[in-house]
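Colleague: Using our numbering, the first residue of the sequence shown is number 373, and each one after it goes up by one. Glycine included, C-beta positions come from ideal geometry on N, C-alpha and C. Only a predicted model underlies this, so the values are computations on that prediction, with no experimental measurement involved.
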Amino acid sequence: MSEPIYLPAGHVLIPAADARSIARAIFKAQEELGKRGASFHPSVLKLAAYLNSITGRTEPTPQPQADTVRHEVIDAPEAAQILGCTTRNVTNLLARKRIPGRKVAGRWQTTREDVEVYRNYRT
Numbered sequence: 373m374s375e376p377i378y379l380p381a382g383h384v385l386i387p388a389a390d391a392r393s394i395a396r397a398i399f400k401a402q403e404e405l406g407k408r409g410a411s412f413h414p415s416v417l418k419l420a421a422y423l424n425s426i427t428g429r430t431e432p433t434p435q436p437q438a439d440t441v442r443h444e445v446i447d448a449p450e451a452a453q454i455l456g457c458t459t460r461n462v463t464n465l466l467a468r469k470r471i472p473g474r475k476v477a478g479r480w481q482t483t484r485e486d487v488e489v490y491r492n493y494r495t
């Protein structure tokens, strides 16, 4: 790696070959992080893409994967249908925290996944 040239206002000039090396290293590290379900901050990936493009090469910027998972929210009557029991039984299970849930505007809500897990593993 060559010596960088420092400019006023905190700017730095680096040779194109070094910029390419830095970009490749970031992309390679992103691949490894992706295998573990992690990711660089999007600004780091943007920097790598910029460093790569100013050297005359273009490589698609890896897109960070969504960190959120959406779960289908259901109410007590629908949970009762899945479990084959009464709504009152489901509200008791929710109140006793046998099934994870919460009360919203006076009505119990839970996720379909939590109800199915309870159904499949209840003893």
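#1: Taking C-beta to C-beta, are Gln402 and Val445 nearer than 8 Å?
#2: Just the C-alpha distance for Ala389 and Ala421, rounded to the nearest angstrom, thanks.
#3: Can you tell me whether DSSP reads Thr483 as helix, strand or coil?
#4: What are the partner residues of Asp447, as DSSP defines its beta bridges?
#5: Secondary structure at Leu379, three-state DSSP: helix, strand or coil?
#6: Is it buried or exposed for Val476, if we count other Cβ within 10 angstroms and need 16 for buried?
#7: Just tell me which of Glu488, Ala452 and Thr458 has its CA closest to the CA of His443.
#8: May I have the straight-line CA-CA distance separating Phe399 from Ser415, to the nearest angstrom?
#9: Please classify Lys475: does DSSP put it in a helix, a strand, or coil?
#10: Less than 8 Å between the beta carbons of Val384 and Ile394, yes or no?
Modeller: Looking at the atomic coordinates:
#1: On the sequence shown, position 30 is the one that residue 402 refers to. On the sequence shown, position 73 is the one that residue 445 refers to. The beta carbons of Gln402 and Val445 sit no closer together than 8 Å.
#2: For the purposes of this step, residue 389 is identified with residue 17 of the sequence shown, where counting begins at 1. For the purposes of this step, residue 421 is identified with residue 49 of the sequence shown, where counting begins at 1. Rounded to whole angstroms, Ala389 to Ala421 spans 14 Å at the Cα level.
#3: Along the sequence shown, one-based indexing puts residue 483 at 111. Strand.
#4: One-based indexing of the sequence shown puts residue 447 at position 75. DSSP, once it has assigned bridges, lists Gln481 as partnering Asp447.
#5: Position 7 of the sequence shown holds residue 379. Coil.
#6: Residue 476 sits at position 104 when you count from the first residue of the sequence shown. With fewer than 16 other Cβ atoms within 10 Å, it is exposed.
#7: On the sequence shown, residue 443 is found 71 positions in, with the first residue counted as 1. The candidate whose alpha carbon is nearest that of His443 is Glu488.
#8: As a working mapping, residue 399 is identified with position 27 in the sequence shown. As a working mapping, residue 415 is identified with position 43 in the sequence shown. Roughly 13 Å between the two C-alpha positions.
#9: On the sequence shown, residue 475 is found 103 positions in, with the first residue counted as 1. Reduced to three states, the DSSP call for Lys475 is strand.
#10: Taking the first residue of the sequence shown as 1, we reach residue 384 at position 12. Taking the first residue of the sequence shown as 1, we reach residue 394 at position 22. No; because the gap between Cβ atoms is not below 8 Å, this pair is not in contact.
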